[in-house]
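Structure first, then comments.
Number of protein chains: 2
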Amino acid sequence: MEPAGLERPILAVDVVVFSVSRGRLRVLLHRRGQDPFSGAPALPGVAVQVDETLEDAARRALAVKAGWPPDAPEDLYVEQLATFDGLYRDPRGRTVSVAYLGLSPARSAPVRKLFWELADGLGRGSLPFDHDRILETALARLRGKLRYTNIAGQFLPEAFRIDELQKVYEAVLHRSLNRTNFRNKLLKLGLIEQVRALSEAVGKKGGRPPHLYAFAREEVEAADRDFL
Amino acid sequence: MEPAGLERPILAVDVVVFSVSRGRLRVLLHRRGQDPFSGAPALPGVAVQVDETLEDAARRALAVKAGWPPDAPEDLYVEQLATFDGLYRDPRGRTVSVAYLGLSPARSAPVRKLFWELADGLGRGSLPFDHDRILETALARLRGKLRYTNIAGQFLPEAFRIDELQKVYEAVLHRSLNRTNFRNKLLKLGLIEQVRALSEAVGKKGGRPPHLYAFAREEVEAADRDFL
DNA sequence: GCAAAAGTGTTGTGACTACACCCATGG
DNA sequence: CCATGGGTGTAGTCACAACACTTTTGC
């Protein structure tokens, strides 16, 4: 019934990796090496091969296209975002792209260089294909999940100070939060718990030494808020 | 391993259409006509063609596989759910499937026959491929969106009584809700608004005639609840 | 009048906001 | 001892669950 041959859409993946450093939300982009849009910054992406999962393809895109360290992708947090269709145009033919959302803690300098500051311009007509829309969707998902999951832990080391966590939230949501209530809310929700007092006050100029906290072990989807 | 030639995954769509009738949540299934799993009930799905969008493919699957009326798919609400990978095995080779979630109001008898009651067994080892997991994901999405969007309107006609709406919520969430508070909450959220008093009391045996309500026009994503 | 269903009001509880205040450290 | 942050307490407001009560119909 169906026409045989190569009359099928090409399946690809694109990856949006966010990171927070120096109080700013940043996104991983690479400069395209081939046409179309050669030289333009874009989300890393590859065509999916028959013998790899979508998530594997996403990690491969980071290594092959963006120069991510070959060992590092393994422990990077990634989740599927959505599948994009229609706007895509490519000389190779019709392409459907499964987008992935990745979150990375601040890392070594060579990796940090891959990230671009998420300024107001980015994501509004500045990226090729439909990457603007993918980026927009990724940011919306990230902001949504901050509210009711422990996903922000992916931006930080195992143990962290509450003020570090608050900076992450403020960078992602792009507005300032009340210090006291931020603290109380996350603690009462059971999202984070105190680990131990900070012994090493690294390069502080004063002030009471903070405690260290960690996100609760389980992948908290924070108790589906009841509807009535 | 894989036959040479088509060294790319096959792209397919599967559709989960829910409906509520007689106080029960139901899902559209069809009996497969070909191997594998010939004769077993399954979600309707087709391979995506180069010249159609994913959503078009999803609507085509309903018409071709499930016998959905050819004119009706146009106004059926559908949204993309997620893309499934890995578990899928098919003689034609590696397949990646983009799942769609559809919501249908109660309709004519021939269409109603396509729906299966969502009993406790369904979705737990009873469907072929990874359709159990797709169904589970669809239900979770539907329940989530009930809480903060006007999506439930897709199950009902333009104007409806509040008790009808409550039955929809109860069927989907699978628990009973407090009549008074259900009413107050949806009204205060601004999700629904009164249209006019009901003139025709169709076959009622008594009681005060209800008002008619409608969902607020816009696709209310109900004001992103602020985080602090 | 009485049952039945729709619609309204009331009260207690708990969450969130916006503060003021106390604590522990470096210089 | 004071500047600098970390940590705790509190009062007002608002949303919400539970439930009693009133309204409007059919019979």
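Sequence order for the protein chains is A and B.
Taken in order, the first sequence gives residues 1 to 228; the numbers are from the numbering used here.
Taken in order, the second sequence gives residues 1001 to 1228; the numbers are from the numbering used here.
Virtual Cβ for every residue (Gly too), placed ideally from N, Cα, C.
Remember, predicted model here, so these are calculated numbers, not experimental data.
According to DSSP, is residue i helix, strand or coil?
{"i": "B/D1051", "result": "coil"}
{"i": "B/E1158", "result": "coil"}
{"i": "A/H131", "result": "helix"}
{"i": "A/L189", "result": "helix"}
{"i": "A/P9", "result": "coil"}
{"i": "A/L14", "result": "Position check: residue 14 of chain A holds Asp in this sequence, whereas Leu was assumed. Three-state DSSP puts A/D14 in a strand."}
{"i": "B/F1182", "result": "helix"}
{"i": "B/R1024", "result": "strand"}
{"i": "B/T1083", "result": "strand"}
{"i": "A/T149", "result": "coil"}
{"i": "A/W89", "result": "According to the sequence provided, residue 89 of chain A is Arg. The question's Trp does not apply to it. Here A/R89 sits in coil by DSSP."}
{"i": "A/R217", "result": "coil"}
{"i": "A/A40", "result": "coil"}
{"i": "A/L212", "result": "strand"}
{"i": "B/A1138", "result": "helix"}
{"i": "A/E2", "result": "In this prediction, A/E2 scores a pLDDT of 44, lower than 50, which makes its location untrustworthy; the coordinate-derived value is nonetheless stated afterwards. In the structure shown, A/E2 sits in coil (DSSP, three-state: anything other than H, G, I, E or B)."}
{"i": "B/G1144", "result": "helix"}
{"i": "A/Q34", "result": "coil"}
{"i": "B/L1101", "result": "strand"}
{"i": "A/R196", "result": "strand"}
Taking C-alpha atoms, which residue in the options lies nearest to residue i?
{"i": "B/E1136", "options": "B/D1085, B/Y1169, B/R1022 and B/V1016", "result": "B/V1016"}
{"i": "B/V1078", "options": "B/D1085, B/L1103 and B/P1069", "result": "B/L1103"}
{"i": "A/F129", "options": "A/R89, A/N150, A/R217 and A/L122", "result": "A/R89"}
{"i": "B/F1037", "options": "B/K1185, B/L1127 and B/N1184", "result": "B/L1127"}
{"i": "B/Q1080", "options": "B/W1068, B/P1070, B/D1056 and B/A1063", "result": "B/D1056"}
{"i": "A/P209", "options": "A/H131, A/I162 and A/V98", "result": "A/I162"}
{"i": "A/R107", "options": "A/I134, A/T180, A/R179 and A/P157", "result": "A/P157"}
{"i": "A/G153", "options": "A/L54, A/E193 and A/P110", "result": "A/E193"}
{"i": "A/P69", "options": "A/D132, A/V111, A/T180 and A/H131", "result": "A/V111"}
{"i": "B/D1035", "options": "B/P1091, B/V1064 and B/V1048", "result": "B/P1091"}
{"i": "B/K1185", "options": "B/N1150, B/L1076, B/P1105 and B/G1039", "result": "B/N1150"}
Can you tell me the Cα-Cα spacing of residue i and residue j, whole angstroms?
{"i": "B/H1174", "j": "B/R1022", "result": "13 Å"}
{"i": "A/L212", "j": "A/K113", "result": "29 Å"}
{"i": "B/A1066", "j": "B/L1029", "result": "7 Å"}
{"i": "B/R1032", "j": "B/D1014", "result": "13 Å"}
{"i": "A/L62", "j": "A/V98", "result": "14 Å"}
{"i": "B/E1052", "j": "A/L187", "result": "49 Å"}
{"i": "A/L54", "j": "A/K145", "result": "22 Å"}
{"i": "A/P41", "j": "B/P1009", "result": "28 Å"}
{"i": "A/V64", "j": "A/D120", "result": "28 Å"}
{"i": "B/T1180", "j": "A/T180", "result": "36 Å"}
{"i": "A/A109", "j": "A/G207", "result": "29 Å"}
{"i": "A/D75", "j": "A/P105", "result": "11 Å"}
{"i": "B/F1115", "j": "B/V1048", "result": "24 Å"}
{"i": "A/R24", "j": "A/V172", "result": "8 Å"}
{"i": "A/K205", "j": "A/E164", "result": "16 Å"}
{"i": "B/D1071", "j": "A/D71", "result": "53 Å"}
{"i": "B/E1007", "j": "A/E7", "result": "13 Å"}
Measure the CB-CB distance between residue i and residue j and report whether it falls below 9 Å.
{"i": "A/L118", "j": "A/F182", "result": "no"}
{"i": "B/R1060", "j": "B/V1046", "result": "yes"}
{"i": "A/T95", "j": "A/L11", "result": "yes"}
{"i": "B/G1190", "j": "B/A1214", "result": "no"}
{"i": "B/V1050", "j": "A/G125", "result": "no"}
{"i": "A/A159", "j": "A/Y100", "result": "no"}
{"i": "A/V20", "j": "A/F155", "result": "yes"}
{"i": "B/G1123", "j": "B/L1142", "result": "no"}
Suppose the cutoff is 8 Å on Cβ atoms and the five residues either side in sequence are ignored; what does the same chain contact list for residue i look like?
{"i": "B/L951", "result": "Outside the modelled stretch of chain B, which goes from 1001 to 1228, sits residue 951 of chain B, for which no answer is possible."}
{"i": "A/T83", "result": "V96, S97, V98 and A99"}
{"i": "A/D132", "result": "G123, R124, G125 and S126"}
Below 8 Å, is the gap between the Cβ of residue i and the nearest heavy atom of the ligand NAP?
{"i": "A/V48", "result": "Because no ligand of any kind appears in the structure shown, any question about the ligand NAP cannot be addressed here."}
Residues in its own chain within less than 7 Å of residue i by CB, not counting five upstream and five downstream?
{"i": "A/I134", "result": "D14, V16, L43, F84 and A99"}
{"i": "A/G39", "result": "R31 and R32"}
{"i": "A/V195", "result": "A159, L212, Y213 and A214"}
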